[in-house]
Structure formats: structure tokens, C-alpha cells
Amino acid sequence: MTPFDLTPVADVGVMMRFGNTICAEAEAAVATAHRTVHRSKLPGVTETIPSYTALFIGYDPLVTDAKTLCTTLRELDFSEQELSASPKVWEVPVCYEEPYATDLKELCTLLGKSRDQIVGEHLSGSYVVSMYGFAPGYAYMRGVPESLQIPRKPKPVADVPAGSVIVAGPQCLVTTLTLPSGWWTIGYSPFEFLRRHESDQFPVAVGSEIQFRRVSLEELSKVKTDQ
Amino acid sequence: MTTNLVVEQAGPFVSIQDQGRPGYMRFGVPGSGPMDRFAFSVLKTALNGGEDFSAIEVSVAGVRIRCSGNPVTGAVVGGKFYVDVDGKQIAPWSVFTLESGQTVTVRGADEGSWAYLGFAGDIQSPQWLGSRSTHLYSGLCGQPLQGGDQVTLNHSRVINRDRELSRPRFSRYCGSVRVVLGPQESLFTPKAIQNLLEGEFQITPNYNRMGMALRGPKLEIQQALTMPSEGLVRGAIQVTGDGAPTILMADHQTTGGYPKIATVISMDVNQLAQARPGDTLRFIPVSADEAVLIARKANVLLRDYFDGL
Chain A
57 MTPFDLTPVA DVGVMMRFGN TICAEAEAAV ATAHRTVHRS KLPGVTETIP
107 SYTALFIGYD PLVTDAKTLC TTLRELDFSE QELSASPKVW EVPVCYEEPY
157 ATDLKELCTL LGKSRDQIVG EHLSGSYVVS MYGFAPGYAY MRGVPESLQI
207 PRKPKPVADV PAGSVIVAGP QCLVTTLTLP SGWWTIGYSP FEFLRRHESD
257 QFPVAVGSEI QFRRVSLEEL SKVKTDQ
Chain B
27 MTTNLVVEQA GPFVSIQDQG RPGYMRFGVP GSGPMDRFAF SVLKTALNGG
77 EDFSAIEVSV AGVRIRCSGN PVTGAVVGGK FYVDVDGKQI APWSVFTLES
127 GQTVTVRGAD EGSWAYLGFA GDIQSPQWLG SRSTHLYSGL CGQPLQGGDQ
177 VTLNHSRVIN RDRELSRPRF SRYCGSVRVV LGPQESLFTP KAIQNLLEGE
227 FQITPNYNRM GMALRGPKLE IQQALTMPSE GLVRGAIQVT GDGAPTILMA
277 DHQTTGGYPK IATVISMDVN QLAQARPGDT LRFIPVSADE AVLIARKANV
327 LLRDYFDGL
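Quick mapping for you: the protein sequence lines, in order, are chains A and B. Take the first sequence: its letters are residues 57 to 283, numbered as in our numbering. Take the second sequence: its letters are residues 27 to 335, numbered as in our numbering.
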């Protein structure tokens, strides 16, 4: 098991931190710890939030406390599941065409590349869901190739539509709501990370692998009808 | 029996809330629920509400609701708001009866930012992930109430004699809250920690269900802002690059990359929610162990208070 620090958060939680550097090892450790904590059904635990290098564990102070929880966490066996875990792979179709790819033209200018080059680079990345954040169903994926890593825009843009495929730095995500964003919109995906009418509304677990597949405008309408 | 609650007028940020939506932060879903959980619990107890009890969270902008159909017991708890039934003012913490055609008005007055208006019955409104709490910015569980809306109340009933409820001292904002330092206090300069614990802050108008922005002495960060995003809690005091703190409230984002200098203890977040823009704020440090003991002692006090209701 990767070494970790435990820090109490007021009277409501404990932060289990696996270093401060975003890396595959820390992410795998967070995912394993998250699964183990869920499986162990620890008394008083009310909330868990996995992120790049840390797992937040929220508790009810009337049931347990940071000391008890830290002792339990140090004694939990995380090893077994680290071996057996094989991440699920999801195929996510993306249409990189107009009217969806609203920032692709500007990116071509900024990076001095053609549309096809940028699309090819985006497709060549290997993506893993590192965490959820910002808004319901916003699954942060790591894996944008270095050649395509661009800092976020200086100012967020209002009303980036739901389904937008957006990138910033090493990160990529498919938006589930129409909200402001400072990331670059390079396409649209009909894949739903938030499924409001299914029993499992968030089918894509943290740690899952994502494979993007290019679809044309015509194919997109077909994919949409099939869903 | 059914009662229709006809919203005749509603200011911004008046919304239906229940106990919230815990357990989904790992999918980016805020906990939501009442800004002042204590006031909400008092209301629920006064109206014999069950686990799924929901009520109307009223901002200082206020709401006026007309009852249509079966008579029903209502109650208001929260800040020291103005409350009237058909124009006749009643105490800010009250249980009352509404007959068909009567209206209840609740709006901000002397103290407090939020009041809870509830009824003996089951509010019918959209549900998402097991909760009726409106999530204001996503619209995933209904929208804030507006004039012209109708809310159906099933199993509406008259349960209580009209009465005034006692308003305990610990429900009021008192100008200070207790905090546990961290989890990132080590990223701040010693002067920043001193400023936090000795300085006076002011609540700015930038206060909503997501957070409360403060003005005050600078909380300088000594390292570059490079920490990876991590999970957040209600009460976390996060500090942006310019050294200005924001305290996260009910609808806060689930993750973020700004360092947290300290975290307000769970009990005191309720009082703090009742503070208003312009109010001053001081922070009193306690240890994480003390914070748990405070929560447990407070719970005994609360139980005594609830037993007396």
C-alpha cells in the first residue's frame, strides 16, 4: 500500500492523502482506498470524495470521531483489492465537427496545427477518470497528450452546453449541464455521465478508462437515436 | 386530505429544501439541504415531520403563500423574520393554522438570513437522488419558487394549537464561530494564521447558498497555488490567490484546488448561515478532538430543547 497521511477536517471528516503530486500511483492508491472504505462499511462514515491524490472521508461526529476513524484506516487491509482491481473501459463517441467544436478553430491558430492533427492527438490519449468535481457528473479525466495541453482560458465563458467535450492542461471532461467553463470546447459527445432516469445515475466509476471514438455529424445523429 | 399552497409572491432564493442529498459528493453532487440545519430540525420537530420532511427555505426577500383547500398547521423557524397570517403579525418562531383562503407572509426583518416555513403534510415536488432539495444552479431538482407557483401538500392536517416557540440563544449568530485549523494551514504564512485568529472579518454581499465571501486582513499563502484539487466540506474556509477567504455553504462545489486555512465546526455553520452581509466575524480556534466533543455536547442540549417542544 502506498504510504498516506491522515489529517482531521474539523469535526466532520478525515483527509487521507497519498502525497501531493498528481500521478498514476497516487490515483490508483486513492481508488483502492475508496473501494476498501466503501466495502468496509465503517460506522459513522457518511461521505467519501476521491480526488487526484487524496480521499476525503466524511463522518457523523455523533457516531464516530477522527481518532477512531484514523486508527481503523491504519488497520484496514488495502492490499488484496489492489491486485484484483481491473478498471472498466467505456467507449465515448465524440463529434469534433461544427457546430459543436466551438474552440477548435482558435486552437488550430494557437497551436499551429490542423483540425485533424488536434483531433488525432486527442484520440491518441489514454484517459482515466481521476475524480468527479465542479458539478454533478463532471468526470475529470487525466490523459490529454502533452502536445495538446493548453492552459485554461483567461476568463470562463458562460453557457457551455451540456455534452461539450472540453480540455485544459492534462484534463478532459464531458459536461453534463450547461454551465460556465474556462476550458476549451473541442467537440460534443452524446455519452451521458449523468443518467437521471436510470437506477445507477453515475455508471462511470472513478478509475474507469475512457476510449474516445470519432464520429461524424451523420453518425452522431444515429448514435443519438440508438441511445 | 390535500392543501394547495399558492405562491402569491416570492423573492429570489426561496426554495424547497429537505435534509439534503448526502453520499453523492463522490459524483460531484453537493450535499445541499437547509443553510441552517438546526432551524430546519426545530421546524420538523414542531410539525411532527418524518425523515423525508421538506419545507420552504425563505431568504430575506420573503414569500407570501395562500392556502387553498384543507386547513393546515404551519410553522416558521429561523432568523428573527417578520411573519404574519392575513396581515396579523405573529412571533418569528410560531406554529399557526391556515384556513383555506388565508395567507402567510414571511420576510427578513431584525436578524438572520434564512427562515423555514413548513406545514403538517407532505410537500409534492421533484425528487432527485432521494431528496427534494432544490439545487439552485443546476436545476436538476426543480427551480426556486416564484409568484404563481403552486405546491401541493398531501396528507395535510391540523395538528397543533397555535403557539410561540422558544428561540434559544445558540440559534442566533453571535459574531464569532469556532474553527479547527487546516487542512492546509501549513501553506500559509504565520502572519496569515495570526490574522485569521486575531483579526476581524466582515461578511460581504457576495453571500449565497454556495458560499460566503469575507473581507478582512490578508491571509497570505506562502507557497504557489499548486495543490491538487481535493474534496471540500461545508464550513471550509478556502483562500484564493489574493488572500481573500470564502466560507463554503450548503451548495458548495464538491472539490476544489484552493487551500483551506481552517474549517468552521459543524454546529457553528448553522449560526453563521444566519449572519448577514455587513456583520463582523471572528474565528476562535479549537482542536479537532474538542470539535467532536462540542458536537456531542451540543447534541445533548438540542435533544433537551426538542423534548421541550
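In this text, a Cβ means the ideal position worked out from N, Cα and C, and glycines have one as well.
Where the beta strand (DSSP E) through residue i begins and ends
i, result
"residue 167 of chain A", "Premise fails: residue 167 of chain A lies in the alpha helix (DSSP H), 160-167, not in any beta strand (DSSP E)."
"residue 5 of chain B", "The requested residue 5 of chain B is not part of the displayed model; chain B covers only 27 to 335."
"residue 92 of chain B", "89-95"
"residue 69 of chain A", "69-73"
"residue 228 of chain A", "227-230"
"residue 174 of chain A", "Counting along the chain, residue 174 of chain A falls outside any beta strand (DSSP E), though it belongs to the alpha helix (DSSP H) covering 171-180."
"residue 224 of chain A", "220-224"
"residue 243 of chain A", "240-244"
"residue 83 of chain B", "81-85"
"residue 235 of chain A", "235-237"
"residue 61 of chain A", "61-65"
"residue 284 of chain A", "This structure gives no information on residue 284 of chain A, because the portion of chain A shown stretches from 57 to 283."
"residue 202 of chain A", "Looking at the DSSP string, residue 202 of chain A is not in any beta strand (DSSP E), and its letter there is neither H nor E."
"residue 214 of chain A", "213-216"
Where residue i meets chain B, residues with beta-carbon distance less than 8 angstroms
i, result
"residue 118 of chain A", "321, 322, 325"
"residue 197 of chain A", "The contacting residues do not exist; residue 197 of chain A stays about 13 angstroms from chain B at best."
"residue 247 of chain A", "Chain B residues near residue 247 of chain A: none, gap ~16 angstroms exceeds 8 angstroms."
"residue 257 of chain A", "53, 155"
"residue 110 of chain A", "254, 256, 257"
Cβ pair residue i, residue j closer than 8 angstroms
i, j, result
"residue 41 of chain B", "residue 77 of chain B", "no"
"residue 265 of chain A", "residue 150 of chain A", "no"
"residue 289 of chain B", "residue 312 of chain B", "no"
"residue 320 of chain B", "residue 287 of chain B", "no"
"residue 81 of chain B", "residue 143 of chain B", "yes"
"residue 103 of chain B", "residue 135 of chain B", "no"
"residue 52 of chain B", "residue 188 of chain A", "yes"
"residue 277 of chain B", "residue 60 of chain B", "no"
"residue 218 of chain B", "residue 246 of chain B", "yes"
"residue 190 of chain A", "residue 54 of chain B", "yes"
"residue 240 of chain B", "residue 272 of chain B", "yes"
"residue 92 of chain A", "residue 132 of chain A", "yes"
"residue 129 of chain B", "residue 183 of chain B", "no"
"residue 204 of chain A", "residue 230 of chain A", "no"
"residue 90 of chain A", "residue 109 of chain A", "no"
"residue 225 of chain A", "residue 201 of chain A", "no"
"residue 86 of chain B", "residue 124 of chain B", "no"
"residue 250 of chain A", "residue 193 of chain A", "yes"
Within chain B, partners of residue i - CB distance below 7 angstroms
i, result
"residue 233 of chain A", "164"
"residue 103 of chain A", "48, 49, 51"
"residue 63 of chain A", "208, 209"
"residue 107 of chain A", "254, 255, 256, 257, 281"
"residue 183 of chain A", "By Cβ distance, chain B contributes nothing, its closest Cβ being about 17 angstroms from residue 183 of chain A, past 7 angstroms."
"residue 72 of chain A", "Ordered by position in chain B, no residue passes the 7 angstroms Cβ test against residue 72 of chain A, which lies about 10 angstroms from the chain."
According to DSSP, residues forming a beta bridge with residue i
i, result
"residue 207 of chain B", "B:288"
"residue 261 of chain B", "For residue 261 of chain B, which the question treats as bridged, DSSP gives no partner whatsoever."
"residue 248 of chain B", "According to DSSP, residue 248 of chain B bridges with nothing at all."
"residue 109 of chain B", "B:116, B:132"
"residue 256 of chain B", "B:282"
"residue 30 of chain B", "B:94, B:178"
"residue 239 of chain B", "B:272"
"residue 308 of chain B", "B:202"
"residue 41 of chain B", "B:83"
"residue 195 of chain A", "A:188"
"residue 103 of chain B", "B:142"
Where the alpha helix (DSSP H) through residue i begins and ends
i, result
"residue 64 of chain B", "63-72"
"residue 85 of chain A", "80-96"
"residue 221 of chain B", "216-224"
"residue 322 of chain B", "314-333"
"residue 114 of chain A", "Run containing residue 114 of chain A: none in the alpha helix (DSSP H); it sits in the beta strand (DSSP E), 110-115."
"residue 154 of chain A", "No alpha helix (DSSP H) contains residue 154 of chain A, which DSSP labels as neither H nor E."
"residue 132 of chain A", "Segment: none, residue 132 of chain A is in no alpha helix (DSSP H) and carries neither H nor E."
Contact list for residue i against chain A, beta-carbon separation under 8 angstroms
i, result
"residue 101 of chain B", "The premise fails here: residue 101 of chain B is roughly 25 angstroms from chain A at the closest Cβ pair, so nothing lies under 8 angstroms."
"residue 203 of chain B", "What residue 203 of chain B touches in chain A: nothing, since even the nearest Cβ is about 11 angstroms away."
"residue 253 of chain B", "76"
"residue 318 of chain B", "67, 117, 121, 122"
Residues that residue i contacts on chain B, provided the C-beta gap is smaller than 9 angstroms
i, result
"residue 193 of chain A", "53, 54, 55"
"residue 92 of chain A", "Ordered by position in chain B, no residue passes the 9 angstroms Cβ test against residue 92 of chain A, which lies about 14 angstroms from the chain."
Chain A contact residues for residue i, given Cβ-Cβ distances below 7 angstroms
i, result
"residue 333 of chain B", "The contacting residues do not exist; residue 333 of chain B stays about 17 angstroms from chain A at best."
"residue 261 of chain B", "66"
"residue 10 of chain B", "Since the first residue of chain B shown is 27 and the last is 335, residue 10 of chain B is not available in this structure."
Contact set between residue i and chain A, taken where Cβ atoms lie within less than 9 angstroms
i, result
"residue 68 of chain B", "Under the 9 angstroms cutoff, chain A gives no residues; its nearest Cβ is about 18 angstroms from residue 68 of chain B."
"residue 290 of chain B", "66"
- Query: Going along the chain, which unbroken runs of the alpha helix (DSSP H) with 4 or more residues stay wholly within the region 118-205 of chain B?
  - Reply: none
### Query
Counting only runs that start and end within the region 248-273 of chain A, where is the alpha helix (DSSP H) found for 4 or more residues in a row?
none
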